[in-house]
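Have a look at the structure below before the remarks.
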Amino acid sequence: MQMKPAITTLIALSALAWPTLSGAQEATVSDGAKVYAATCGRCHTPRSSVERSDRDWTVITAHMRVRGNITGREMRAVRAFLQQMNRGTGEESEPAAAASTAAPVNLSGPVDPSLAEQGRTLVDANACSACHRVGDASAGTLGPNLNNVFSRRSGDYVMQKLADPRFDNANSLMPQLPLNEQQRRAIVEYLRSIRR
Amino acid sequence: MDSARVPPRVALVVPLVLILASVHAGVALAQQRTAISPSHAYVLSGYGTAGALYTQDGERTFFTSVAPIFLFQFTDRVLAETELEFELEEGATKTGLEYADISLLLNDYITVTAGKFLLPFGIFGQRLHPTWINRFATNPPVFGGHGGVPGVEGLLPILSDIGVMVGAVLPVGGIGRNVTFSGFLTNGPMAEAMEEGGAGMEEEHVPELAFGESVEDNNKNKMIGGRLGLVLAPHFELDLSGMRAAYGDVALPPNAGTQLHLVSYNAAAEYRVGNVEIRTEWLRAEVDVEEADTMTMSSEIELVKRWGGYAQATYRLGSWEPVFRFSRVDPNEAEADDELSQYGFGLNYYLTPSISVMAGFELNRDRLDMGNDMSNNRLVIYWAFGF
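Protein chains in written order, with our numbering: chain A, 3 to 198; chain B, 1258 to 1644.
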């Protein structure tokens, strides 16, 4: 058996360990949503984050980093996503309170293209397609299909859901997203533009 | 086959590399602010089963098992993990140590693990064998009942061994897209204990390799192996694995003292998009076997080639999940008519994401000439839970 390739590989792997540890890349909640849905979802059935505390998720994601062969950044992203979901307590938060008093959403008027484009950008930034079918390319199935959400729900419902995912379902897996009212309206406008 | 004995250079270089990596990690740990308070953090997790097994030849039995997992994080870079197994077998409680290891998360791309760990050989052994992760009610026959439903002896047991493992992940084009590599150096397999003859088997008996059965290596040879993973899309992974070891020595002349080798290869893939999940894994092993002639007290070395694997598809419909699995095992390519083909039909119902009722029916075709009659059709129903 040729040992030189094995020795060379081990030395190369050790060399990779020398780069600075302080250069960890930023991990975002949206990245975590993608990893949770696609990478974790290859083995696990998605479960509510509230089953574990933030501290537990810190330990569990480290364990899964070794078991699942993911990077440190992906580990931190999933951790941030799960811990972000834990922050949704089901109690009415300030955003939710604001949503409940916001002006009703009109689904019948013409679509505002600039507002819809802003909404599309927000949908991409928050990785909604990791869990929802949105547009043509995504295949997320953790959450409902958003291409035809207005055949089932009102615009006001979607606004409320974006403000407080657990207002109607305490076990919702959807994370609490940092969106103000104008951003929520932009997402609703985008969903109006793609509805089928 | 060439000897796989570890030469002195590797025996010197490998520990040196690990010492250098550990020193580097130690310096980095001292410089890092820990994310965990001085009280440390630990998690009790695990999985278990409770169910019933019905076989065509009349076996009717309830069974149960539990596998607690202890995770302990010393700092944000050091993690210890242990999994125990408890199950009932022949009226007694059988206990096992699935793994007990400590990992250093050196940086965002490299981990080093030492202790007893699940070998990165394919996907099923390391990631999919827990009952609440495995979508079918039984393990694929090539892997036996380890961590799954009892009563089935696999040809190539799930692999757990003592040694050191290095894991590397290289991002390629965006989050969730990586090339991974895991390499390991462990004690390696041993042969089953024999009453007489050499380290191999009596005539017409395929050797059963025992991994992790001893805390010490039985020879100067270490098993070396690794897995290359291609995760070119977050929902699709393709893995190629290999391992090589010597597991014993020939006992009888004229080849007494010659090492008996194992070489094994594995190709595995995992794909999930939407409600559809497809898993497949196929492996091949070439094993030196000592065929003893007790009349002349001599033996010859025969190369036994064996292979097996499975392909499985699931579709999630709300809380229901139908499953189909095809499995095939050939314990000895040179022997005709001893292959097993298994068709598995399963249906799972998820009470919660981590608690399911699993039902699986195995349609087994052909008999394996190994003392384990696998031609029985089987029906298994049980609770599977992860916690």
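Every residue, glycine too, gets a C-beta built ideally from N, C-alpha and C.
Check whether the Cβ atoms of residue i and residue j sit closer than 7 Å, and answer yes or no.
i: B:Ser1439; j: B:Gly1483; result: yes
i: B:Leu1336; j: A:Ala64; result: yes
i: B:Phe1327; j: B:Gly1603; result: no
i: B:His1492; j: B:Arg1434; result: no
i: B:Ala1357; j: B:Gly1445; result: no
i: B:Gly1575; j: B:Ser1611; result: no
i: B:Arg1573; j: B:Asn1605; result: no
i: B:Trp1640; j: B:Val1614; result: yes
i: B:Asp1550; j: B:His1518; result: no
i: A:Val107; j: A:Ala79; result: no
i: A:Cys45; j: B:Ile1390; result: yes
i: A:Thr73; j: B:Pro1387; result: no
i: A:Leu124; j: A:Ala165; result: no
i: B:Gly1565; j: B:Thr1395; result: no
i: B:Ala1324; j: B:Gly1308; result: no
i: B:Val1300; j: A:Val68; result: no
So what does DSSP say about residue i, is it helix, strand or coil?
i: B:Asn1478; result: coil
i: A:Glu119; result: helix
i: B:Arg1392; result: coil
i: A:Met66; result: helix
i: B:Gly1457; result: With a pLDDT of 46 at B:Gly1457, under the threshold of 50, the modelled position of this residue cannot be trusted, and the question is left open.
i: B:Val1488; result: strand
i: B:Ile1206; result: Examination of residue 1206 of chain B is not possible in this model, given that chain B is present from 1258 through 1644 alone.
i: B:Gln1383; result: helix
i: B:Leu1579; result: Looking at the sequence itself, residue 1579 of chain B is Pro, so the reference to Leu does not match. Correct three-state label for B:Pro1579: strand.
i: A:Asp58; result: helix
i: A:Thr41; result: helix
i: B:Ala1448; result: strand
i: B:Glu1224; result: Residue 1224 of chain B is absent from the structure shown; chain B starts at 1258 and stops at 1644.
i: B:Pro1407; result: Any reading at B:Pro1407 needs caution, since the residue's pLDDT is 48, under 50, leaving its predicted position unreliable; the model's value is listed next. Here B:Pro1407 sits in coil by DSSP.
i: A:Glu28; result: coil
i: B:Leu1620; result: strand
i: B:Asp1418; result: strand
i: A:Ser110; result: coil
i: A:Val136; result: coil
i: A:Asp126; result: helix
i: A:Pro180; result: coil
Does the ligand GTP have even one heavy atom less than 6 Å from the beta-carbon of residue i?
i: B:Tyr1356; result: Looking at this structure, you won't find the ligand GTP or any other ligand, since it has none at all.
Measuring CA to CA, which of the options is closest to residue i?
i: A:Arg81; options: A:His134, A:Val52, A:Pro106; result: A:Val52
i: B:Arg1563; options: B:Thr1318, B:Leu1485, B:Glu1548, B:Val1586; result: B:Val1586
i: A:Cys39; options: A:Gly74, A:Gln162, A:Val151, A:Pro177; result: Per the sequence shown, the amino acid found at residue 39 of chain A is Ala instead of Cys. The residue with the shortest Cα to Cα distance from A:Ala39 is A:Pro177.
i: A:Met77; options: B:Thr1368, B:Thr1352, B:Lys1351, B:Pro1510; result: B:Thr1368
i: B:Asp1333; options: B:Asn1364, B:Phe1343, B:Ala1307; result: B:Asn1364
i: A:Arg197; options: A:Val31, A:Gly43, A:Gly70, A:Val113; result: A:Val113
i: A:Ser50; options: A:Asp58, A:Met87, A:Gly74; result: A:Met87
i: B:Leu1620; options: B:Ala1593, B:Tyr1607, B:Thr1352, B:Val1637; result: B:Val1637
i: B:Phe1374; options: B:Val1300, B:Thr1339, B:Asp1474, B:Leu1345; result: B:Thr1339
i: B:Ser1598; options: B:Lys1479, B:Pro1397, B:Ile1419, B:Val1429; result: B:Pro1397
i: A:Asp33; options: A:Asn182, A:Ser131, A:Gln185, A:Val136; result: A:Ser131
i: B:Phe1343; options: B:Gln1313, B:Asn1512, B:Gly1305; result: B:Gly1305
i: B:Leu1345; options: B:Phe1319, B:Phe1581, B:Tyr1366; result: B:Phe1319
i: B:Lys1477; options: B:Met1554, B:Tyr1504, B:Met1552; result: B:Tyr1504
i: B:Phe1583; options: B:Glu1590, B:Asn1589, B:Glu1592, B:Ala1568; result: B:Ala1568
i: B:Leu1362; options: B:Phe1331, B:Lys1479, B:Pro1510, B:Asp1474; result: B:Phe1331
i: B:Gly1353; options: B:Ser1360, B:Leu1341, B:Thr1553, B:Ala1524; result: B:Leu1341
If you follow the beta strand (DSSP E) that residue i is part of, which residue opens it and which one closes it?
i: A:Asn88; result: Run containing A:Asn88: none in the beta strand (DSSP E); it sits in the alpha helix (DSSP H), 74-88.
i: B:Ser1322; result: 1317-1332
i: B:Ala1526; result: 1516-1530
i: B:Gly1565; result: 1555-1572
i: B:Gln1599; result: 1597-1609
i: B:Asp1545; result: 1533-1550
i: B:Ala1337; result: 1335-1346
i: B:Gly1643; result: 1635-1643
i: B:Gly1353; result: 1349-1362
At which residues does the alpha helix (DSSP H) containing residue i begin and terminate?
i: A:Arg187; result: 183-196
i: B:Tyr1299; result: Not the alpha helix (DSSP H): B:Tyr1299 falls in the beta strand (DSSP E), residues 1298-1312.
i: B:Tyr1504; result: No alpha helix (DSSP H) holds B:Tyr1504; the beta strand (DSSP E) holding it covers 1493-1506.
i: B:Leu1375; result: Per DSSP, B:Leu1375 belongs to no alpha helix (DSSP H); it is in the beta strand (DSSP E), 1367-1375.
i: A:Val160; result: 157-165
i: A:Ala35; result: 31-36
The segment 1423-1431 of chain B contacting the segment 1439-1448 of chain B, beta-carbon criterion three pairs below 8 Å: With a cut-off of 8 Å, the segment 1439-1448 of chain B and the segment 1423-1431 of chain B count as touching, because enough Cβ pairs lie within range.
Sufficient close CB pairs (3 or more, under 8 Å) joining the segment 1528-1541 of chain B to the segment 1362-1381 of chain B: Yes, the segment 1528-1541 of chain B touches the segment 1362-1381 of chain B.
Stretch pair the segment 181-198 of chain A + the segment 112-131 of chain A: three plus CB contacts closer than 8 Å: The segment 181-198 of chain A, when compared against the segment 112-131 of chain A, does touch it at the 8 Å Cβ threshold.
Residues from the segment 1525-1553 of chain B in contact with chain D, defined by Cβ distance under 7 Å: In the displayed structure, chain D is absent; the protein chains listed are A and B.
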